[in-house]
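Sequential numbering from 1 applies to the sequence shown in the UniProt record's numbering. We treat Cβ as the ideally placed atom computed from N, Cα and C, and that holds for glycine.
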Amino acid sequence: MTLTIDLVSDFVCPWCYLGKTHLDRALEDLRASHPSLPVQVNWLPFFLDAKLPAGGMPYAAYMEAKFGGPQAVEAANARLLEAAADGGPRFAFERIKVRPNTLKAHRLCYRAQRLGARPEHLKAFTDSVFAAYFEHGRDIGDNAVLAELAEAAGGARRADILEYLESDEDSAAVLRMAQGIAQQGIGAVPFFILARQLGVSGAQSPAVLGAAILQALGEGGRA
1 MTLTIDLVSD FVCPWCYLGK THLDRALEDL RASHPSLPVQ VNWLPFFLDA
51 KLPAGGMPYA AYMEAKFGGP QAVEAANARL LEAAADGGPR FAFERIKVRP
101 NTLKAHRLCY RAQRLGARPE HLKAFTDSVF AAYFEHGRDI GDNAVLAELA
151 EAAGGARRAD ILEYLESDED SAAVLRMAQG IAQQGIGAVP FFILARQLGV
201 SGAQSPAVLG AAILQALGEG GRA
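See below:
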């Protein structure tokens with residue numbers, strides 16, 4: 001059997017980046033006891049703010065409006081830095097200048113999966129998008145940035161990606177998918193659907209995710 005993990009997330013969600021890191025660690029532990037178990041991670045779109053303009057917004061102003069001022073933003077960032085201290089991402093919020101619209105990044109994930117991209121290429125791309133934004137402050141709503149990341153991840157040519165991003169191909173499909181996910185009652189991310197049967201909400205620890213995976217496989221107690 002293949003273990004399927006549907007990961008609902010948004011690329012501007014720091015807790016999603018942390019949750020993805022925790023999932024990777026949980027899967028590393030799983031492979032130690034299940035070395036021959038195939039794992040398929042499917043990326044499903046979620047928009048923290050679907051109303052953002054295509055070009056994004058200035059990051060500091062957006063975050064202060066969202067959280068209610070600079071002190072509230074600093075407190076939220078401090079909680080994330082504390083949560084990520086044990087082997088998590090190296091967040092560099094001070095480098096971020098733009099809060100981007102993530103439709104294009106989600107479209108690239110959708111396209112890759114539609115075309116049957118190799119799992120390692122999809123993982124490399126999604127990891128690089130999170131890192132580009134949260135660790136290096138790059139604008140992941142920019143066509144050139146996304147095309148560079150997609151090509152570096154493997155399995156895609158920069159010229160093809162640029163042509164795709166300059167079109168509206170798959171936009172409607174991605175938006176419909178995100179709407180369908182919301183209609184299922186998923187209103188916060190990250191959200192993990194394990195083996196198409198068990199849902200886990202939030203950036204849970206590797207241990208919690210690992211226990212949930214074993215439960216979904218019918219090998220553990222309740223997570």
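- One alpha carbon belongs to residue 28, the other to residue 128, and they sit about 19 Å apart.
- In this structure, 177 is the residue among 177, 93, 4 with its C-alpha nearest to the C-alpha of residue 47.
- According to the DSSP assignment, residue 204 belongs to no alpha helix (DSSP H), since it is labelled neither H nor E.
- Out of 211, 42, 44, 94, the CA that lies nearest to the CA of residue 61 is found in 94.
- Here residue 9 is buried. Its C-beta has 16 or more other C-beta atoms within 10 Å.
- Two segments are said to touch when three or more pairs of C-beta atoms, one from each, lie closer than 8 Å; by this definition the stretch 15 to 28 touches the stretch 206 to 217.
- By the beta-carbon neighbour count (other beta carbons within 10 angstroms, threshold 16), residue 117 is buried.
- Around the CB of residue 45, 16 or more other CB atoms lie within 10 Å, so the residue is classed as buried.
- Residue 140: not part of any beta strand (DSSP E); DSSP gives it neither H nor E.
- When DSSP states are grouped into helix, strand and coil, residue 193 belongs to the strand group.
- Looking at the DSSP output, residue 3 shares a beta bridge with 39.
- Pairing residue 40 with residue 6, the inter-Cα distance amounts to about 8 Å.
- Under DSSP, residue 99 forms a beta bridge with 57.
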